[in-house]
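Novice:
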Amino acid sequence: MKPFMDADFLLSTETAKRLYHDYAESMPIIDYHCHVSPKEIWEDRKFNDLFEVWLEGDHYKWRLMRSNGVEEKYVTGDASHREKFQKFAEALPRAIGNPMYHWCHLELRAYFGYEGVLNGDTAQEVWDLCNAKLREPDMGARGIIAKSNVAFVGTTDDPIDSLEWHAKIAADPTIKTVVGPSFRPDKGLNIEKAGWCEYIAALGKAAGMEIKTLEDMKKALLARMEHFDKNGCRASDHGLDYVPYRPASPEALEAIFQKGMKGETVTVEEFESFKTDLLLFCARQYARMGWAMQIHYNCRRNPNSAMFAKLGPDTGFDCMNNVNCAGALYDVLDNLYQTNELPKTILYSLNPGEDELLDTMLGAFQGPEVPGKIQHGSGWWFNDTKSGMIHQMTSLSHLGILGNFVGMLTDSRSFLSYTRHAYFRRILCDLIGKWVENGEYPDDMETLGGLVQDICYNNARRYFKLEG
10 MKPFMDADFL LSTETAKRLY HDYAESMPII DYHCHVSPKE IWEDRKFNDL
60 FEVWLEGDHY KWRLMRSNGV EEKYVTGDAS HREKFQKFAE ALPRAIGNPM
110 YHWCHLELRA YFGYEGVLNG DTAQEVWDLC NAKLREPDMG ARGIIAKSNV
160 AFVGTTDDPI DSLEWHAKIA ADPTIKTVVG PSFRPDKGLN IEKAGWCEYI
210 AALGKAAGME IKTLEDMKKA LLARMEHFDK NGCRASDHGL DYVPYRPASP
260 EALEAIFQKG MKGETVTVEE FESFKTDLLL FCARQYARMG WAMQIHYNCR
310 RNPNSAMFAK LGPDTGFDCM NNVNCAGALY DVLDNLYQTN ELPKTILYSL
360 NPGEDELLDT MLGAFQGPEV PGKIQHGSGW WFNDTKSGMI HQMTSLSHLG
410 ILGNFVGMLT DSRSFLSYTR HAYFRRILCD LIGKWVENGE YPDDMETLGG
460 LVQDICYNNA RRYFKLEG
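Numbered per my numbering, the sequence shown spans residues 10 to 477.
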């Protein structure tokens, strides 16, 4: 029996062990999509206790606690930090097989030196140890990033954001990690949602203009893209419930825009046409600027209407969806490819049943600009499990080229989540190691090690133009 989480955790063959320890383990991290705060990086936020760095804002952990029957008072309510941590510690041992169990213990070991097991009985011991560690000067946001060997952080930013914190980070020579914004224009595209008119006014203010027409809106978005580009943006990100493709005439699109500006309800057909037009407009600008376009889709947001009314979005109630929009996604890519304006694109479906679909789609639209121009993004959200990552990489290897994969991201709001890259790298090395030891690939360690290092770091470095 292997000991729990030893040095060879998840590495089941000798080849896997060599690949991980000799090639993958020490590679820098490119976390090209996450939700950490650039303001907190600049200010080098210090954390008063383990709750603040571990449970605050982490809807993965909130969801686990609710699944164990924990009252909302101890999840997002007014219970003390220590009480909330206790409830989480009591729930964690029930989560056998859940990646959260592994992530938590990887984080406790990597950042706090705790080699034990977290449960209700050890909660006080862990609380005291970690809180003492958090008082050390290198355990602020900057110190955690530095000791995690992170070369690049891609934050998620709204077009109206000033990017002042990114500018300050870039101007500070003591911060060695590059922190770049990512352009996320979802609120501008969501004409059917409450608050859209107010957002358009804010977008106009950020761009220094008044938006009265759809053409004005596009000019404002372009102005903000140029601002992002000057501040080191290398990627956009679109969070879509599903990918639409419903072209409409300029006159019809302007009528839809004016309807939205009056606060009138738009039909499904109308907002699909509006989003199609703006998605294509944005994509063409991304291609011109050399950015990567990320599209995350097939999430059912806030299905629990009562809890949404009580707590709002991003509180742990979202789910996978099963909208068949493959035809629309093909059409979006084809529309852009026809005019040679398809940007580097990373596609993520929250439904793992679409892995093979996406991997065949990649091959239809690749280009010579960079190997793997069109990417199947890493296991996202509910798919960043052991089985989810294995399925995504196996599908990509069967139907595409795994060696051109840009690898893992955290998609996290926590500064401690960089151990997810170690989790991914162990799974990657074990997957490849099994193929080699099963005689499916030569035992050529030079080639294998290069492949692993490319997937862990080098491919993303080239893809996002981080050579300099």
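A virtual CB, placed ideally from N, CA and C, is assigned to each residue, including glycine.
Which residues in the same chain have their Cβ closer than 6 Å to the Cβ of Gly-388, if we skip the five residues on either side of it in sequence?
Specialist: Taking the first residue of the sequence shown as position 1, residue 388 is located at position 379. Closer than 6 Å at Cβ, skipping near neighbours: Gly-397, Met-398 and Gln-401.
Novice: Answer yes or no: do Ala-100 and Asn-128 have a C-beta to C-beta separation smaller than 7 Å?
Specialist: For the purposes of this step, residue 100 is identified with residue 91 of the sequence shown, where counting begins at 1. For the purposes of this step, residue 128 is identified with residue 119 of the sequence shown, where counting begins at 1. Going by C-beta atoms, Ala-100 is not nearer than 7 Å to Asn-128.
Novice: Using the C-alpha atoms, what's the distance from Asn-107 back to Thr-394?
Specialist: Locating residue 394 in the sequence shown gives position 385, where the first residue counts as 1. Locating residue 107 in the sequence shown gives position 98, where the first residue counts as 1. Whole-angstrom Cα-Cα distance: 7 Å.
Novice: Comparing alpha-carbon positions, which option in Arg-470, Leu-356, Asn-158 and Leu-198 lies nearest Asp-167?
Specialist: Within the sequence shown, numbered from 1, the residue matching residue 167 stands at position 158. Answer by Cα proximity: Leu-198.
Novice: Buried or exposed for Gln-267, going by 16 or more other Cβ atoms inside 10 Å?
Specialist: As a first step, residue 267 is located in the sequence shown; it is residue number 258 there, counting from the start. So Gln-267 counts as exposed.
Novice: Any chance the segment 268 to 281 sits against the segment 200 to 209, with 3 or more Cβ pairs inside 8 Å?
Specialist: yes
Novice: Whose C-alpha, out of Cys-465, Val-135 and Ala-150, is nearest the C-alpha of Leu-28?
Specialist: Along the sequence shown, one-based indexing puts residue 28 at 19. Comparing Cα-Cα distances from Leu-28 to each of Cys-465, Val-135 and Ala-150, the minimum goes to Cys-465.
Novice: Note the first and the last residue of the continuous beta strand (DSSP E) segment covering Gly-163.
Specialist: For this step, residue 163 is matched to residue 154 along the sequence shown. Its beta strand (DSSP E) spans residues 159 to 163.
Novice: Is it buried or exposed, Thr-324, if we count other Cβ atoms within 10 angstroms and call 16 or more buried?
Specialist: Indexing the sequence shown from 1 puts residue 324 at position 315. Under this definition Thr-324 is a buried residue.
Novice: What three-state label does DSSP hand Ile-209 in the structure shown?
Specialist: As a working mapping, residue 209 is identified with position 200 in the sequence shown. Of the three classes helix, strand and coil, the one that applies to Ile-209 here is helix, per DSSP.
Novice: Have a look at Arg-429 and Ser-191 and give me their C-alpha separation to the nearest angstrom.
Specialist: Within the sequence shown, the letter at position 420 stands for residue 429. Within the sequence shown, the letter at position 182 stands for residue 191. Each residue's alpha carbon lies about 21 Å from the other.
Novice: In the DSSP assignment, the alpha helix (DSSP H) including Ile-265 goes from what residue to what residue?
Specialist: For the purposes of this step, residue 265 is identified with residue 256 of the sequence shown, where counting begins at 1. Counting along the chain, the alpha helix (DSSP H) containing Ile-265 begins and ends at 259 to 270.
Novice: Using 8 Å as the threshold, is the segment 54 to 61 in touch with the segment 144 to 153, meaning 3 or more CB pairs across them?
Specialist: Yes: at least three Cβ pairs fall under 8 Å.
Novice: Pick from Glu-273, Ala-373, Met-36 and Arg-310: whose alpha carbon is nearest that of Asp-250?
Specialist: Against the sequence shown, residue 250 aligns to sequence position 241. Nearest C-alpha to Asp-250: Arg-310.
Novice: Does the distance from the C-beta atom of Pro-47 to that of Thr-164 stay below 7 Å?
Specialist: Locating residue 47 in the sequence shown gives position 38, counting from the first residue. Locating residue 164 in the sequence shown gives position 155, counting from the first residue. Contact: yes.
Novice: Tell whether a beta-carbon distance below 7 Å holds between Glu-446 and Thr-22.
Specialist: Numbered from its first residue, the sequence shown carries residue 446 at position 437. Numbered from its first residue, the sequence shown carries residue 22 at position 13. Their beta carbons are under 7 Å apart, which means Glu-446 touches Thr-22 by this criterion.
Novice: Roughly how many angstroms lie between the CA atoms of Thr-85 and Leu-289, to the nearest whole one?
Specialist: In the sequence shown, the residue the question calls residue 85 occupies position 76. In the sequence shown, the residue the question calls residue 289 occupies position 280. Looking at the two C-alpha atoms, the distance is approximately 39 Å.
Novice: CB Ser-245 to CB Met-302, shorter than 7 Å?
Specialist: Position 236 of the sequence shown holds residue 245. Position 293 of the sequence shown holds residue 302. Yes; because the gap between Cβ atoms is below 7 Å, this pair is in contact.
Novice: What first and last residue would you give for the alpha helix (DSSP H) that runs through Thr-367?
Specialist: For this step, residue 367 is matched to residue 358 along the sequence shown. Correcting the residue type first, residue 367 is Leu in the shown sequence and not Thr. Boundaries of the alpha helix (DSSP H) harbouring Leu-367: 364 to 373, taken from the DSSP string.
Novice: Look at the alpha carbon of Val-79 and the alpha carbon of Glu-134, and state the distance between them as a whole number of angstroms.
Specialist: For the purposes of this step, residue 79 is taken as the residue at position 70 of the sequence shown. For the purposes of this step, residue 134 is taken as the residue at position 125 of the sequence shown. In this structure, the alpha-carbon of Val-79 lies about 22 Å from that of Glu-134.
Novice: Give a yes or no on whether the C-beta atoms belonging to Glu-365 and Arg-293 are separated by under 7 Å.
Specialist: Residue numbering aside, residue 365 sits at position 356 when the sequence shown is read from its first letter. Residue numbering aside, residue 293 sits at position 284 when the sequence shown is read from its first letter. Their beta carbons are not under 7 Å apart, which means Glu-365 does not touch Arg-293 by this criterion.
Novice: If you reduce the DSSP assignment to three classes, tell me which class Gly-480 lands in.
Specialist: Since the first residue shown for the chain is 10 and the last is 477, residue 480 is missing from the structure and cannot be characterised.
Novice: Sorted by chain position, which residues of the same chain lie with C-beta nearer than 7 Å to Trp-136's C-beta, five sequence neighbours on each side aside?
Specialist: One-based indexing of the sequence shown puts residue 136 at position 127. Scanning its chain for C-beta atoms nearer than 7 Å, with the 5 sequence neighbours on each side dropped, one finds around Trp-136 the residues Leu-59, Arg-91 and Phe-94, in chain order.
Novice: My output table needs one value for Ile-410: the three-state DSSP class, helix, strand or coil.
Specialist: As a working mapping, residue 410 is identified with position 401 in the sequence shown. Coil, per DSSP.
Novice: Could you please give me the residues that DSSP links to Ser-358 through a beta bridge?
Specialist: The residue given as residue 358 occupies position 349 in the sequence shown. Its beta-bridge partners are Tyr-306.
Novice: Indicate the three-state DSSP secondary structure (helix, strand or coil) for Ser-76 in the structure shown.
Specialist: The residue you call residue 76 lines up with position 67 of the sequence shown. Helix.
Novice: Going straight from the alpha carbon of Cys-291 to that of Val-252, what length do you get?
Specialist: Against the sequence shown, residue 291 aligns to sequence position 282. Against the sequence shown, residue 252 aligns to sequence position 243. Distance between the alpha carbons of Cys-291 and Val-252 is about 14 Å.
Novice: Report buried or exposed for Gly-386, applying the criterion of at least 16 other Cβ atoms within 10 angstroms of its Cβ.
Specialist: Within the sequence shown, the letter at position 377 stands for residue 386. It is buried - the Cβ of Gly-386 has at least 16 other Cβ atoms within 10 Å.
Novice: Using CA coordinates, which residue listed in Ala-141, Ala-155, Ile-105 and Ser-89 is at the minimum distance from Leu-494?
Specialist: Only positions 10 to 477 of the chain appear in the structure, and residue 494 is not among them; the question remains open.
Novice: Compute the Euclidean distance between the alpha carbons of Val-162 and Leu-418, then round it to the nearest angstrom.
Specialist: Here the question's residue 162 lines up with position 153 in the sequence shown. Here the question's residue 418 lines up with position 409 in the sequence shown. Between Val-162 and Leu-418, the C-alpha separation is close to 10 Å.
Novice: Please go through the same chain and pick out, in chain order, the residues whose beta-carbon is closer than 8 Å to the beta-carbon of Lys-185, but skip the five residues on each side of it.
Specialist: Start at 1 with the first residue of the sequence shown, and residue 185 comes out as number 176. Cβ neighbours of Lys-185 beyond the five flanking positions: Ala-155.
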